[in-house]
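In order, the protein sequence lines correspond to chains D and G.
The first sequence begins at 50 in my numbering and counts up by one.
The second sequence begins at 50 in my numbering and counts up by one.
We treat Cβ as the ideally placed atom computed from N, Cα and C, and that holds for glycine.
Structure record follows, encoded as structure tokens.
Protein chains: 2
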Amino acid sequence: MLQPGLMMNLPLLLSSVIEHAAAQYGEVEVVSRETHGPLFRYTYAQCAARARKLANALSGLGLVAGDAVGSIAWNNHRHLEAYYAVSGSGMVMHTCNPRLQAQQLIYIINHAEDRVILFDATFAPLVKGIAAHCPNVRAWVCLADAGNTPTIDGVANVLSYDELVEPCSEVFAWPQFDENTAAALCYTSGTTGNPKGAMYSHRAIVLNAMSGCMPGLLSLSPSDAILPVVPMFHINAWCIPYAAPIGGTKLVLPGPKLDGQSIYELMESEGVTISAGVPTIWQGLLAYMEQHGLRFSTMRRTGVGGSAMPQALIAKFMDVYGVDVRHGWGMTETTAIGTMGILPPQSKTWTSEKKQALLAKQGRSAFGVEIKVVNEAGDTLPRDGSSQGELMVRGHWIIASYYKGEKSPLIDGWFPTGDIATIAPDGTMQIRDRTKDVIKTGGEWISSIDLESAAVGHPGVAMAAVIGVKHPKWDERPLLFIVRKPGATLEKEEILKFLETKVAKWWVPDDVVFLESLPVGGTGKVQKGDLRKQYGGVFS
Amino acid sequence: MLQPGLMMNLPLLLSSVIEHAAAQYGEVEVVSRETHGPLFRYTYAQCAARARKLANALSGLGLVAGDAVGSIAWNNHRHLEAYYAVSGSGMVMHTCNPRLQAQQLIYIINHAEDRVILFDATFAPLVKGIAAHCPNVRAWVCLADAGNTPTIDGVANVLSYDELVEPCSEVFAWPQFDENTAAALCYTSGTTGNPKGAMYSHRAIVLNAMSGCMPGLLSLSPSDAILPVVPMFHINAWCIPYAAPIGGTKLVLPGPKLDGQSIYELMESEGVTISAGVPTIWQGLLAYMEQHGLRFSTMRRTGVGGSAMPQALIAKFMDVYGVDVRHGWGMTETTAIGTMGILPPQSKTWTSEKKQALLAKQGRSAFGVEIKVVNEAGDTLPRDGSSQGELMVRGHWIIASYYKGEKSPLIDGWFPTGDIATIAPDGTMQIRDRTKDVIKTGGEWISSIDLESAAVGHPGVAMAAVIGVKHPKWDERPLLFIVRKPGATLEKEEILKFLETKVAKWWVPDDVVFLESLPVGGTGKVQKGDLRKQYGGVFS
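Have a look at this one:
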């Protein structure tokens, strides 16, 4: 018969994260860009005190454990206080993606039954448009002082966060409860059908944040300063707002200013050593730096995810700017990081190109997550680096079902990601495509992502997208969309010839459409569904 | 009402640790010194396979979940396999300290109800002496191949580990069970009374190991190689055998050869970057290196604990050899690391001496452990760096009670460590003494540890110990014991004059006793109890 361990029985709660930082790294700074412009600066000890004030304030508004509090907000210190105050009180922190359409925002706020919405002044017009449709919301709290809180026509119950919080006591006894209690809620961007909610537990977030601190992932130490560009309104900003206090790491929050210049200046002025964001952010940053002949003083490493980072961009970061790139993978349903790639010790003797090729992949699974790829029959495929199948994940921070969902999405206990991937013998995973984007042609699969990466390798290409179009003989054939770089005169013949040198001949697209821009959705991803609607006819 | 999170519900089990390494870092090496001399080398994938074989073998011996398996063994790969096979099967891995007296060993083996004992050939004489007194042990398994397994007079059931394990299948379905199940058992060294058992759960060990991987603690990455000199037979070798597979870190196990030359050569040949051990090990290592004019090629960092590391030794490591020193604190009752010290970012502008002074302290608590110091009335003392009180700890890997213990040692949910400490405003903890060693004089406390550290700062002192001796006027006064360095001619007057320049006048010991050696116990610590018995009279 199993014997019990005889250890203290304490839950993994988010309140313990911010109180750890307050007690052990109380003097470490949190720096935040206010929505109205200036930088704000305080310490983890002060952040914890403000979180306790907010917890008292929410209680004063009549909210109780189990209630949901929504946010429509940038990465800033008040949003951070809310992360801890709301979840720490046993309530649910529901981060809303402001890039969702108003209809979807209304849907998720009502579906989540948010009682209070915290919003940044940027989104006042959005609030104006949706407030009347959200009858359960008893207060709209602007994350600002009174002077920067706008009045919103037709919305009566708008409060200033500072006015609400400041009078409250900074003494608050965090409740102790089951670590499997819901802490946070985030909805998928829902390109088809209604958005679906992933309800994260305290345990899941704490374990993910502990993993995220590790050297093989983000590597957060008390000597580092991390700037998460990845938004706190989407998959918990990779849990960086939770991991940094665990690691004793200075946290730099960029607020609404995500252009190259603002990010660069903040990195330099705050001694940022680590960042994380989507590829487009890094393109903007490097473009600004190149234009002005700038270098990094302290930056050492950046995490990248959301979509594949072009190898040329990885090369520039590493070889020109001396910044390590760590490609990660995760989705709304995986709380935050599922896998991340770093160079192995034997890479010291590799060429730059070989290193970059490895780092363009999504890496190994974090401890706490298992991965496998399966074929359409559900059989596990070999880890040979070439067998493509749907990526399945299992672990401590992977959802088992959607909020108010009717049936579990799991298959034999594994979550089907909808991504097509390969896994190499060393455990390195590479996303090849989405199941719905992969192009099935003549019984084989063409990765739309690989084709797009190859296309953006051409100097005249700013953006590229590939969809499969029905074909009478081959089932599907690839159609390429190109947005030219400013001033580029690239034509169809040239890009197809270029691709012939980069991919297998049968991968070369059947046609090319040049566009001024690509349709981009709520999480910054190209909406291939829109392209399919307009261009998805039949090749002849 | 609290809402439930909707995440997968998987237990934190040790089997998942070794299987993570096998799947994600399958090619990373484990290198181990055989007890009979040569180096052995394999990978995490092979280690996991052998652990599964051993799990089958234990089952074949009739053992079932809940049974205890003892070990009397060095840090080596078979011991590592046992760590995972035993605990992963739902059994209890009971590591026995071979430095305990035979009577104590017999006591703990019977108290733990060990069914099988794994031992290294070194300890065959020990086994011979105790086997007859351990009637529940049905097999004594020597961690060796058949050729290196001794016959032991009077012990019939001696088996060779390799002979037992090799025929077994490497397929074994690790059972899934509650993460609070007992995984490992370690007894205190018990200077007074019988040893007491700390029963670690899977959850406690996994959480500690995750914490240990973090940059602010051991910082284990896939680019590192760690050599734990801290023994696997005592507080789980700081959980390094669990943390390294989580971090994807190469593991180098030194077997029985812990002399300076052997450790140095192993560090160099295996590219070791991180180590961990007690101060005496590092003294031996540096003595060897100095004697031969050697330098480290790859070593970057060493963890130190068990007793206070003299500042002079820290200085030598850092300034002469360029190796960071991280002082840690933990005890049998805290599974492994409770606190660890690293330099803060602002230390870049500090003098070497200021850095070393900070690193001589025991550092900040790991995420997962809370610390406080209390006075004799149990009131929490301020974190001012000077208020001394008993160190109290609470956390995920701290015991709540002893195995088969009658009453919980906890006070208001905190474990009283028996250590006297201070906590600085920045959270840095410093052990000042043991509650039973601190010298209470004229209503004030003198730290015996601080006095000893000051004394070993004298070039003629090899070892020093201080005890309190009853005094008619002052209650207690310090008595200093000195072991001179070979060739040193130090006398009482000189050392007392030296100390007057290092400590407050009222701290200077009343007398000095010169000894050839100090009594050292099972875990390498000076046995002050023995000194007290012999010298603890009354000062006049």
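Residue D:Arg82 holds the alpha-carbon nearest to the alpha-carbon of D:Leu315 among D:Thr200, D:Arg82, D:Pro271.
In the DSSP secondary-structure assignment, D:Arg413 is bridged to D:Met389. Listed by position along chain G, the residues whose Cβ is nearer than 7 Å to that of D:Ser272 are Pro394. Shown here, D:Asp373 sits in a strand according to DSSP, grouped into three states. For G:Leu440, DSSP records a beta bridge to G:Val422.
G:Ala233 is not a Cβ neighbour of G:Tyr156, given a cutoff of 9 Å.
Between the C-alpha atoms of G:Ser136 and G:Ala97 there is a straight-line separation of about 13 Å. Take D:Cys288, set aside five residues on each side of it, and the residues of its chain with a beta-carbon closer than 8 Å to its own are Ile254, Asn257, Ala258, Gly261, Thr384, Ala385, Ile386, in chain order.
In this structure, D:Leu55 and G:Ser238 do not form a Cβ contact; the two beta carbons are roughly 18 Å apart against a cut-off of 8 Å.
In the same chain as D:Glu219, and ignoring 5 residues on each side of it, the C-beta atoms closer than 6 Å to its own belong to Ala98, Arg101, Lys102, in chain order. Buried is the label assigned to D:Trp189, since at least 16 other Cβ atoms lie within 10 Å of its Cβ. When CB distances to chain D are screened at a threshold of 7 Å, the residues of the stretch 428 to 450 of chain G falling below it are Arg443, Gly444, His445, Trp446, Ile447, Ile448, Ala449, Ser450, in chain order. Nearest in C-alpha terms to G:Arg581, of all of G:Ile488, G:Pro535, G:Thr538, is G:Ile488.
Approximately 6 Å separates the beta-carbon atoms of G:Thr298 and G:Ser270; this is inside 8 Å, confirming the contact. Interface annotation for the stretch 154 to 169 of chain G against chain D: empty, criterion Cβ-Cβ distance under 7 Å. Following the DSSP letters along the chain, one finds D:Leu545 inside the alpha helix (DSSP H) bounded by residues 541 to 549. Looking at the DSSP output, G:Gly304 bridges to G:Asn124.
Considered as a whole, the stretch 199 to 247 of chain D harbours 207 to 209, 231 to 236 as its complete beta strand (DSSP E) runs of no fewer than 3 residues, in chain order. The three-state reading of DSSP puts G:Cys191 in strand, counting E and B together. Straight across, the Cα-Cα distance linking D:Val418 with D:Thr351 is about 22 Å. By the 16-neighbour rule on beta-carbons within 10 angstroms, D:Asp368 is exposed.
Along the length of the stretch 132 to 172 of chain G, whole alpha helix (DSSP H) runs at least 4 residues long occupy 151 to 161, reported in chain order. By the CB criterion at 9 Å, D:Ala247 and D:Val279 fall outside the cutoff. G:Lys403 and G:Ser566 have their C-alpha atoms roughly 32 Å apart.
Using a CB distance cut-off of 9 Å, D:Val113 counts as an interface residue toward chain G.
Separation of G:Lys177 and G:Arg187 (C-alpha to C-alpha, rounded to the nearest whole angstrom) is 14 Å.
For the stretch 374 to 398 of chain D, the set of positions with a beta-carbon nearer than 8 Å to some beta-carbon of chain G reads Thr384, Ile391, Leu392, Pro393, Pro394 in chain order. Here the stretch 391 to 403 of chain D makes no contact with the stretch 535 to 555 of chain D; the two share fewer than three CB pairs at distances below 8 Å.
For the C-beta of G:Met358, not a single chain D residue is nearer than 8 Å; the gap to the nearest is close to 20 Å.
G:Phe221 is outside the set of residues whose beta carbon lies under 9 Å from a beta carbon in chain D.
Taking a contact as a CB-CB distance under 8 Å, the pair D:Glu501 and D:Ala514 counts as one, their CB atoms being some 6 Å apart. Closest in C-alpha terms to G:Ile460, from the list G:Asp433, G:Asp482, G:Ala470, G:Thr429, comes G:Thr429. When secondary structure is reduced to three states using DSSP, D:Ile495 falls in the strand class.
Contact annotation for D:Phe226 against chain G: Leu51 [CB-CB distance below 7 Å, chain order]. In this structure, DSSP gives G:Thr490 an extended state, which the three-state scheme calls strand. Counted as a single uninterrupted DSSP element, the alpha helix (DSSP H) harbouring D:Asp579 occupies residues 577 to 584.
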